[in-house]
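Novice:
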Amino acid sequence: MGDTVQVTMNINGTAQSHDVEPRTLLVHYIRDVCGLTGTNIGCDSSSCGACTIHLDGEAVKSCTMLAVQADGHDLTTIEGLAPSAEKLHPMQQAFHECHALQCGYCTPGMVMAAVSLLDEVPNPTERQVRIGLEGNLCRCTGYHNIVKAVLQCAAEGVAK
Amino acid sequence: MIPAAFDYKRAGSADEAIALLGEYGEDAKLLAGGHSLLPLMKYRLASPAVLIDIGRLSDLSYIREDGDVVRIGALTRHRDIEISELLKSQVGLLPEVAGHVGDPQVRHRGTIGGSLAHGDPASDLPSAILALRATLVIKGPNGTREVSSDDFFTGFLETAVGPDELLTEIIVSKTPNATFGFQKFNRRAQDWAIVGCSVIVNNGSCGVGLVNMDSRPVRAAGVESAIAGGASAADGAASAADGCEPPTDLNASVEYRQHLARVLVRRALETAGK
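Just so you know, the protein sequences line up as chains X and L, in that order.
Counted from 1, the first sequence has number 107 at position 107 by full-length UniProt numbering; the numbering is strictly sequential.
Counted from 1, the second sequence has number 91 at position 91 by full-length UniProt numbering; the numbering is strictly sequential.
(1) What is the rounded straight-line gap between the Cα of residue 279 of chain L and the Cα of I138 of chain L?
(2) In three-state DSSP terms, what is Q190 of chain L?
(3) Return the bridge partner residues of Q183 of chain L from the DSSP annotation.
(4) Buried or exposed for R187 of chain L, please, with buried defined as at least 16 other CB atoms from any protein chain shown within 10 angstroms of its CB.
(5) With a threshold of 16 other CB atoms inside 10 Å of the CB of S47 of chain L, please say whether the residue is buried or exposed.
(6) Given a threshold of 16 other Cβ atoms within 10 Å of its Cβ, counted over all protein chains shown, does K87 of chain X qualify as buried or as exposed?
(7) Report yes or no: do three or more beta-carbon pairs, one from the segment 177-194 of chain L and one from the segment 86-96 of chain L, lie closer than 8 Å?
(8) Counting only beta-carbon separations shorter than 8 Å, does L2 of chain L have a partner in chain X?
(9) Keeping to the same chain, check which residues put their C-beta closer than 7 Å to that of D151 of chain L; ignore five residues upstream and five downstream.
(10) Kindly say whether Q190 of chain L, judged by its beta-carbon, lies nearer than 8 Å to any beta-carbon of chain X.
(11) Inspect the CB distances between the segment 77-88 of chain L and the segment 97-111 of chain X and report whether three or more fall short of 8 Å.
(12) Spatial neighbours of N12 of chain X within its chain, please: CB distance less than 7 Å, with the 5 preceding and 5 following residues excluded, ordered by chain position.
(13) Taking the alpha helix (DSSP H) that T271 of chain L falls in, what are its first and last residues?
(14) Please identify the residue among L:H118, L:I194, L:V70 and L:I112 whose C-alpha is closest to the C-alpha of L40 of chain L.
(15) Check distances from the C-beta atoms of the segment 91-120 of chain L to those of chain X and list, in chain order, the residues that come in under 8 Å.
(16) Taking any Cβ of chain L, which residues in the segment 2-27 of chain X have a Cβ under 9 Å from it, in chain order?
(17) Taking G209 of chain L as the query, report the chain X residues whose CB atoms sit under 7 Å from its CB, ordered along the chain.
(18) Output the distance between the C-alpha atoms of N202 of chain L and G273 of chain L, rounded to the nearest integer angstrom.
(19) Check the Cβ of L132 of chain L against every Cβ in chain X and list those closer than 7 Å, keeping chain order.
(20) For M1 of chain X versus D53 of chain L, is the C-beta distance shorter than 8 Å?
(21) Would you decide whether A234 of chain L is buried or exposed? Buried here means 16 or more other CB atoms lie within 10 Å of its CB.
(22) Comparing alpha-carbon positions, which option in L:D124, L:A231 and L:I194 lies nearest S36 of chain L?
(23) Classify F95 of chain X as helix, strand or coil using the three-state DSSP reduction.
(24) If I'm right that P217 of chain L touches S127 of chain L with Cβ under 8 Å, what's the distance once you round it to whole angstroms?
(25) Could you tell me which uninterrupted beta strand (DSSP E) segments, each at least 3 residues in length, are contained entirely in the segment 91-162 of chain L, listed from first to last along the chain?
(26) Using a Cβ cut-off of 8 Å (strictly closer), state whether A159 of chain X contacts chain L.
(27) Can you tell me whether G207 of chain L is helix, strand or coil according to DSSP?
(28) Would you mind reading off the limits of the beta strand (DSSP E) that contains G8 of chain L?
(29) Can you tell me whether E16 of chain L is helix, strand or coil according to DSSP?
(30) For the alpha helix (DSSP H) that contains H144 of chain X, what are its first and last residues?
(31) Let me check one thing: in DSSP terms, what residues is G73 of chain L bridge-paired to?
(32) Between the beta-carbon of residue 295 of chain L and the beta-carbon of E65 of chain L, is there less than 8 Å?
(33) Check the DSSP bridge columns for Q16 of chain X and list the partner residues they point to.
(34) If I follow the unbroken alpha helix (DSSP H) through V223 of chain L, where does it start and stop?
(35) For D44 of chain X, go through chain C and note every residue whose CB falls closer than 8 Å to its CB, in chain order.
(36) From the DSSP output, in three-state form, read off R64 of chain L for me.
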């Protein structure tokens with residue numbers, strides 16, 4: 001049982017292809033097989049959002065997907081968001097400027113969820129930001145500045 | 001948390017999925033978006049020997065007008081229902097409820113068919129399906145059959161979908177002039193409903209679906225007939241918990257759930273203009 005399956009996907013513009021056990025969770029594939037450890041594992045039960053990545057441009061929780069389900073898809077992780085090593089993505093920049101992180105553990109997932117949110121709702125109200133990020137928990141309870149950062153990024157009009 | 005090992009089969013069509021179900025029997029489970037099944041597998045509450053992935057059957061993902069009804073493919077994601085202009089204008093309750101399922105990430109993956117076929121008595125969409133008196137299309141080795149929403153949820157995590165069958169479509173009547181309301185009470189964002197309800201009022205008739213008020217999602221028939229007979233929201237909602245056998249757990253006692261049902265149904269009726 002559990003014969004390996006070959007999966008091929010594009011992560012941050014790089015083609016990845018490996019043989020995996022079918023039960024391999026996508027987040028483990030990203031971290032342990034592809035070595036992209038920016039995506040964190042928090043609750044491991046699709047509640048906290050620390051493992052949020054983009055699947056074909058939309059935020060998903062990579063702890064609640066199998067790697068085989070992502071076969072053939074385009075993925076972006078926090079490592080692939082910034083346009084270059086010298087320049088942050090506007091959402092990362094807004095998080096930096098608004099001090100929207102404390103311990104930083106939720107930050108990669110929070111940033112990925114926030115970018116996806118602005119893609120769907122480019123000019124959200126504060127309430128829409130708070131509801132839109134309900135799938136992401138910050139155990140430092142640093143929500144105030146996170147919401148501020150998302151609103152600042154939206155106001156700059158450079159969500160994607 | 002890692003699921004127990006399983007064999008992975010990817011179905012290329014609904015017929016292939018049904019044939020695979022026939023081949024592997026009760027050892028097999030269908031995988032759509034995976035947002036009900038995978039958490040259970042990670043907790044090892046489910047350990048299917050074979051997983052049949054139907055997630056790529058894009059011909060089962062659609063929202064289509066057909067005369068007096070709207071047909072929704074079982075693999076349509078919550079997100080697609082939430083933003084559907086056709087549903088917003090013709091069956092407004094459904095996008096309203098779909099927008100409350102889980103969180104945005106969950107709605108990007110979870111499907112209406114997966115949620116309904118899972119049969120969780122606390123999930124949101126069954127309340128709408130019951131209130132709307134939807135029809136569910138189930139495909140098996142001997143063709144398709146239609147089941148009314150009243151006969152679909154048969155018990156705790158059990159539905160009318162047989163072990164070698166696949167839920168393919170949900171049919172809902174167009175009710176462009178209906179008013180509706182959805183209420184869910186939970187303690188934290190994205191928690192399951194402690195109690196939830198959907199209400200639709202259309203041309204004097206009324207539909208009310210309750211979740212987490214019994215071992216399966218149920219209709220509140222007493223409220224429906226009271227409202228159809230002209231009762232106020234407060235008077236109609238008084239019978240919301242009648243006949244229900246709600247569960248007791250750390251979140252709520254039986255009595256508290258009965259209280260919540262009456263309050264939430266009243267609020268949903270008021271949202272619907274009653």
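Cβ atoms here follow ideal geometry from the backbone N, Cα and C, with glycine treated the same way.
Specialist: Inspection of the coordinates gives the following:
(1) Missing from the structure shown is residue 279 of chain L; chain L here goes from 1 to 274 and no further.
(2) DSSP places Q190 of chain L in coil when its eight states are reduced to three.
(3) DSSP, once it has assigned bridges, lists L:C197 as partnering Q183 of chain L.
(4) Exposed: under 16 other Cβ atoms inside 10 Å.
(5) Counting Cβ neighbours within 10 Å, S47 of chain L comes out exposed, since fewer than 16 surround it.
(6) K87 of chain X counts as exposed, since fewer than 16 other beta carbons sit within 10 angstroms of its beta carbon.
(7) Taking a cut-off of 8 Å on C-beta distances, the segment 177-194 of chain L touches the segment 86-96 of chain L, as three or more cross pairs fall below it.
(8) With the sequence shown as reference, residue 2 of chain L is identified as Ile, and Leu is not the correct amino acid for it. Yes, contact with chain X.
(9) These residues qualify, in order along the chain: A160.
(10) It does: the Cβ of Q190 of chain L has a partner Cβ on chain X nearer than 8 Å.
(11) Remark: fewer than three beta-carbon pairs, one from each stretch, lie closer than 8 Å, so the segment 77-88 of chain L and the segment 97-111 of chain X are not flagged as touching.
(12) T76, T77, E79 and G80, listed in sequence order.
(13) Looking at the DSSP string, the run of the alpha helix (DSSP H) that includes T271 of chain L is V254 to T271.
(14) When each option's Cα is compared against that of L40 of chain L, the closest is L:H118.
(15) Answer set for the segment 91-120 of chain L: G102, D103, P104, Q105, V106, H108 and R109.
(16) For the segment 2-27 of chain X, the set of residues with a beta-carbon nearer than 9 Å to any beta-carbon of chain L comprises G2, D3, V5, E21, P22, R23, T24 and L25, in chain order.
(17) In chain order: nothing, as chain X lies at least about 23 Å away.
(18) Taking the straight line joining both Cα atoms gives about 11 Å.
(19) Neighbours of L132 of chain L in chain X, taken as residues whose beta carbon is under 7 Å from its own, are absent, since the nearest beta carbon is some 25 Å off.
(20) In this structure, D53 of chain L does not lie closer than 8 Å to M1 of chain X by Cβ.
(21) In this structure A234 of chain L is exposed. Its beta-carbon is surrounded by fewer than 16 other beta-carbon atoms within 10 angstroms.
(22) It is L:D124.
(23) Looking at F95 of chain X - three-state DSSP - the assignment turns out to be helix.
(24) Confirmed, Cβ separation roughly 6 Å.
(25) Taking only runs of at least 3 residues, the beta strand (DSSP E) segments lying wholly in the segment 91-162 of chain L are 135-140, 143-148 and 153-155.
(26) For A159 of chain X, the pLDDT reaches just 48, beneath the cut-off of 50, and the residue's location in the model is therefore unreliable, although a value from the coordinates is still provided. So, not an interface residue.
(27) G207 of chain L: strand per DSSP, three-state reduction.
(28) It is worth fixing the name first, because residue 8 of chain L is Tyr in this sequence and not Gly. D7 to R10 is the span of the beta strand (DSSP E), which, as asked, contains Y8 of chain L.
(29) Residue state, collapsed to three classes: helix.
(30) Where H144 of chain X is concerned, the enclosing alpha helix (DSSP H) stretches over Y143 to E156.
(31) Bridge partners of G73 of chain L: L:E169.
(32) Within the shown structure, residues of chain L are numbered from 1 to 274, placing residue 295 of chain L beyond reach of any answer.
(33) Under DSSP, Q16 of chain X takes part in a beta bridge, and its partners are X:M9.
(34) Where V223 of chain L is concerned, the enclosing alpha helix (DSSP H) stretches over A221 to A228.
(35) Going by chain labels, chain C is absent from the structure shown, which instead holds the protein chains X and L.
(36) In the three-state reduction of the DSSP assignment, R64 of chain L falls in the strand class, which pools E and B.
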